[in-house]
Every structure is written in structure tokens, then in C-alpha cells.
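All remarks here apply to the structure that follows.
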Amino acid sequence: MAPEVSFYDYIIIGGGTAGCPLAATLSESANVLLLERGGSPYENPSKPDKGNFFPNLLDVSPSSYAQEFTSEDGVYNARARVLGGGSVINAGFYSRAEPEFLKQAGLNEALVNYSYQWVEKKIAFEPPMLQWQSALRDGLLEAGVLPNNGFTFDHIYGTKIGGTIFDGNDHRHTAADLLEYANPYRIKVYLHATVEKIIFETKVFSRTRAQGVVFEDELGKKHWALLTKDYKSEVILSAGALGSPQLLMLSGIGPSQQLKKFGIKVVMDQPMVGQGLVDNPLNVLLVPSPSPVELSLVSFVGITRFGSYIEACSGISFTPSWSRSVAKALAAILNQTEQSSTKLFQEGILNPESLLDTRIRGGIIFEKVKDPISSGYLELRNMNPRDNPKVTFNYFQAPEDLMKCVHGVKIAIDAVYSKSFSNFRYEILSAKALLELIVNLPLNQRPRHLTSAFSLEKFCMDTVMTIWHYHGGCRLGKVVDRDYKVLGVEALRIVDGSTFTSSPGTNPQATVMMLGRYMGLKILQERYFGKYRKK
481 MAPEVSFYDY IIIGGGTAGC PLAATLSESA NVLLLERGGS PYENPSKPDK
531 GNFFPNLLDV SPSSYAQEFT SEDGVYNARA RVLGGGSVIN AGFYSRAEPE
581 FLKQAGLNEA LVNYSYQWVE KKIAFEPPML QWQSALRDGL LEAGVLPNNG
631 FTFDHIYGTK IGGTIFDGND HRHTAADLLE YANPYRIKVY LHATVEKIIF
681 ETKVFSRTRA QGVVFEDELG KKHWALLTKD YKSEVILSAG ALGSPQLLML
731 SGIGPSQQLK KFGIKVVMDQ PMVGQGLVDN PLNVLLVPSP SPVELSLVSF
781 VGITRFGSYI EACSGISFTP SWSRSVAKAL AAILNQTEQS STKLFQEGIL
831 NPESLLDTRI RGGIIFEKVK DPISSGYLEL RNMNPRDNPK VTFNYFQAPE
881 DLMKCVHGVK IAIDAVYSKS FSNFRYEILS AKALLELIVN LPLNQRPRHL
931 TSAFSLEKFC MDTVMTIWHY HGGCRLGKVV DRDYKVLGVE ALRIVDGSTF
981 TSSPGTNPQA TVMMLGRYMG LKILQERYFG KYRKK
């Protein structure tokens, strides 16, 4: 039970992918409070494991790891709500950022590499490459995503096997595991602790300064966590691309017109809070297989030179309702197929769920648009920090993004119809049939064009989904400086994906965890020895 009032050197809001390594690092020589609004991934140790990937994402119960929301664009999405954050609910792929991202952020290369290695020692593994994943990887090479770069954590053009946070037993390791590095005598972690607002001290002729936070526990009791009198003590937001801008606004830092609309006292008018919010568009192909497939999440990636990433998973479980949707759509397509006289397809038409069983007999191929130009914004929906804010991403507003998607989907189709992948596709199913299958699934709330299965442009726009790599809202240079300090405010930083101007690498979790460690070391360096010096 948390005391009503307590004091700490650092108060971290959000025990997610950045917050856990940040808290562990700061606890090496300072007193730290880590506040997480969700529960523990350790209560049911097998729940986050590989086979439960989609069931966990689609779980809408109040205690679920993922809090669902739908953007104003009509795209279903989710926000982590558990200690360890997105690393508890993602597809597990571990790959470092491209050098350009690190250079743009002004990060020290030596400290970056050290911080990556600190993470990797604890939670990164080399994934197995079994039949289905190997066949598709070889298909991508046939499709021209060259060269074959083998296994590496590094971001390199071509096709590569990356890391994974699943071990050899398919057990997930998460950012929460990085708390094993923490000094247990210097850290407090409170779960089901929802921060309502950051408390500020405002004085005439001096800058606004963070003093602490007010949070509510699971029983609804309020607590005040305050900073110690040391002027180097700080509140650090690590609540993610939705949570950090939302909490800044609820605390009085944001666009003044929006704050006044909800009767929030304006601490500082900052119109850039909530702006520049970006989600990388995702489009998929679902490919039924005539051969058995392994259970696999993302093991390799095709990194194209035109700005598209290709990844895949196989043999995954859906919830029963999703299984029925897929089976029904597949049966409708099979009914239209002239050559559907084989035993398998007769069975599939009569009992389409036989093509799925408890796991899908086939795989899903993902196409992600790198560095979309299209961006959106976040607005408050109400004053309840437990509710998701109102989010608009403006997918494919820029025609350049759409062209990347079209090119990427073409590459994915070429890989599916490659010689290497021939054992894992039905010859009876054409590329148009695969597109039609996706068009007929309830993947989002967007309207469908009649030509969605004929035009890749319409297919991309109509069936767009999220890969959960949304970022921005508290961008570097707009809301925070290069030390991740909130502009115009003392004792307040933001360390998470809300500061990103682009999503790092093919999958951001490696870099978000690295950044938590990196900034923890920098902050301790500043606290005890002055500003960190580049070597």
C-alpha cells in the first residue's frame, strides 16, 4: 500500500518499454518511484507467451494487457496497460535503429551501443527459422529484397533474421525483466497506479517547475508523490505516445484553447503538445497453407530501399469470433473458385473453420510503410486519465505513403508466388483472391471501394491497419529539447516514443528500451558530475 505522501529523487510515470529500463538505471544511485497504471505480467507467467499474441491483443476485458481504441480514421488500435508496456503484447521482434535515426536524435554512438547491449544481455535471443518462415524469407530474396544478411540486430538493407524477445521455449521476456537490474533498496514500483496530473510550482519571475504527481490506486484512494528538495530531482513522463501528451494536457501544458474547453488551468500554452502524431500504416495478406505450419511470430524482415518493411507470422491463434470471420470470408471466396472440387476445399466450403482449427493453417504477411509523411494529432476526449484520448492519424494523406504501400504489397505478393514458397500456398488461390479475402474481413471501420481487390491503391487505403508503432505528440525540438527536457519547464522530462520524429528501425521496442537505459545513465551523470560529455 502506498503512503498518502512520499518523496523521491525521480518519479517515473509509466512502467513500460522505456520506463522500466529508465527506473532500473536511475535506482543504481537515486531513490526512484515507478508508477504503472496496469497490472503485472508475472501474475500469469504463460499469458504473454507466443501462442497468446492475438488473443491478448483482442482481449477487451478491464484487466487486459491492451486497452483498445479506434482512431478517428476508423482503424482499430491498442495501447499497452501492463508493467513492461508494449513489450508484453507485441510480436517480439528485436532490431536496432538505423544510424540515421540515432544521428538525427543527437545520441552518443558509444553510449547507444553500450545501452543496447545492456538490454540484449537480459531479453534478446536469436529466433528459430523453421519451414514456413524460411520459405517466405527465401521468397523475399527471390522477389529482389537483397542481399541475404543472415542474423543480425543491426538495420541493414536486404533480408535479415532479427532478434526476438521469445526464448527457445516460446516464453516472452519483456522490459519488466530489466527491473531485475534495479537496486531493490532504492526503487518502489506501484501497479494499478493511475496518475491524474503532474503538480507544478509557479512563481513570478521564475520558470514553472514540476513538484510531483497525484495518483490514484486501485481502490480509488489518492496519493501525493513529491520530489525531494534537491533541485536535480525530476518527474519523468514515460507514458507513451498517447499517455504522455494526454497527461501533459491534463496537467495544464498544451494548447490553451483545448485546455480551457475542459476547464483545465493553463500552466503553459504549448500548442505543439499532441501534434505530429504518426502511425505507420500496415497492410496484410492472409495466406492459407496446404502444408502444416509452425507457430511463429516475426523472425525476419525485408528492408527495402523504397521505404517498406515486410514481416510475417504463422500458425497463430485467433479468438473464436475472429476465426469465424476469417472462415466465413474464406468460404465465400472458395465458393467463387471454379476449381474447388478437391476434398480440402469441399471440406472448407462445408466447414470453413476446418481450415483454421484452433490455429490458423497458414500465415499473415505484414507490409509496413517506413517514415510516413502523413501525420495527425491527439486531443483530449475528457478529463479522465483512464480513458483514451481522441486520436487522428490521417493515414495515406500524403500520396508518397500510398506509393510505398503499393510497392510493398507487390513485393509481398511476389514472395508468396515465388518458387521458394510454393509448398505453403494453394495454386487455386490467385493474388486477387488473397486481396479479396482481406477486403472481406472486418479489419477496420473504413468503407470499402468496389475495386479494392483490383486496385492496390484502394486496397491499401481501405484495409489499412496499425502495427502499433505510433509515435510523436511530444516531438523532439517541438516539446522537448535534445536532453528530453520539456521546453519552458524545470524538473520535467519525457523519455518515450512520443518524442520520436520517426519510428526507429523496423520495430521500435529495441530502441525504446535502449533509450530508457541511455537516458538513465545521462541523467545520473548530470546529477553527480555535470552534463554528459560526448567522447
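Take 481 as the starting number for the sequence shown in the numbering used here and just add one per residue. The beta carbon of each residue, even a glycine, is placed where N, CA and C say it ideally should be.
With DSSP collapsed to three states, give me the class of residue i.
i: P535; result: helix
i: N593; result: helix
i: C793; result: strand
i: K850; result: coil
i: I493; result: strand
i: A812; result: helix
i: I679; result: strand
i: S788; result: strand
i: A656; result: helix
i: A623; result: coil
i: Y964; result: coil
i: W612; result: helix
i: E907; result: coil
i: Y857; result: strand
i: M993; result: helix
i: V896; result: helix
i: I733; result: strand
i: R804; result: helix
i: V555; result: coil
Buried or exposed for residue i, please, with buried defined as at least 16 other CB atoms from any protein chain shown within 10 angstroms of its CB.
i: L699; result: exposed
i: R866; result: exposed
i: L830; result: Residue confidence is low: L830 scores 46 on pLDDT, short of 50, so the model does not pin down where it sits. Its coordinate-derived value is still stated next. L830 should be labelled exposed.
i: V747; result: buried
i: N536; result: buried
i: Q819; result: The predicted model places Q819 with a pLDDT of 46, which falls under 50 and marks its position as unreliable; any figure quoted below should be read in that light. Exposed, because fewer than 16 other Cβ atoms sit within 10 Å of the Cβ of Q819.
i: M481; result: exposed
i: Q737; result: exposed
i: N760; result: buried
i: S902; result: exposed
i: T682; result: exposed
i: Q597; result: exposed
i: L860; result: buried
i: T986; result: buried
i: L707; result: buried
i: Q925; result: exposed
i: D710; result: exposed
i: P627; result: exposed
Do residue i and residue j have their CB atoms nearer than 8 Å?
i: L658; j: A510; result: no
i: E578; j: H635; result: yes
i: F846; j: V758; result: no
i: G499; j: G952; result: no
i: S486; j: A705; result: yes
i: A990; j: R559; result: no
i: S900; j: G619; result: yes
i: L727; j: V675; result: yes
i: G732; j: K741; result: no
i: T943; j: I918; result: yes
i: T497; j: A655; result: yes
i: P988; j: G1000; result: no
i: F534; j: F798; result: yes
i: L563; j: S595; result: no
Pick from the options: whose alpha carbon is nearest that of residue i?
i: G642; options: Y665, Q613, T654 and A662; result: Q613
i: F680; options: V753, V715, G619 and E907; result: V715
i: L730; options: S718, G743 and G720; result: G743
i: K602; options: F573, G565, H653 and E589; result: H653
i: A721; options: S982, Y998, I1003 and L1001; result: S982
i: P768; options: Y574, G1000 and L909; result: L909
i: D647; options: G754, F633 and K530; result: K530
i: A604; options: T644, S855 and G638; result: T644
i: L515; options: K677, E916 and P525; result: K677
i: L921; options: L766, D961, Q547 and V562; result: L766
i: I667; options: Y488, T497 and G795; result: Y488
i: S776; options: G692, A719, R841 and S805; result: R841
i: G754; options: S686, E774 and S855; result: S855
i: S718; options: K965, L1004, K912 and P984; result: K965
i: L923; options: A792, L762 and L513; result: L762
i: C793; options: G787, V806, A811 and I844; result: I844
i: P735; options: P528, P879 and Y857; result: Y857
Does residue i come within less than 8 Å of chain B when only Cβ atoms are used?
i: E580; result: Looking for chain B here will not work: only one protein chain is present.
For residue i and residue j, which I take to be in contact (beta-carbon distance under 8 Å), what is that distance rounded to the nearest angstrom?
i: L936; j: V889; result: 5 Å
i: T784; j: V625; result: 6 Å
i: V592; j: M994; result: 6 Å
i: F904; j: V773; result: 7 Å
i: I491; j: L513; result: 5 Å
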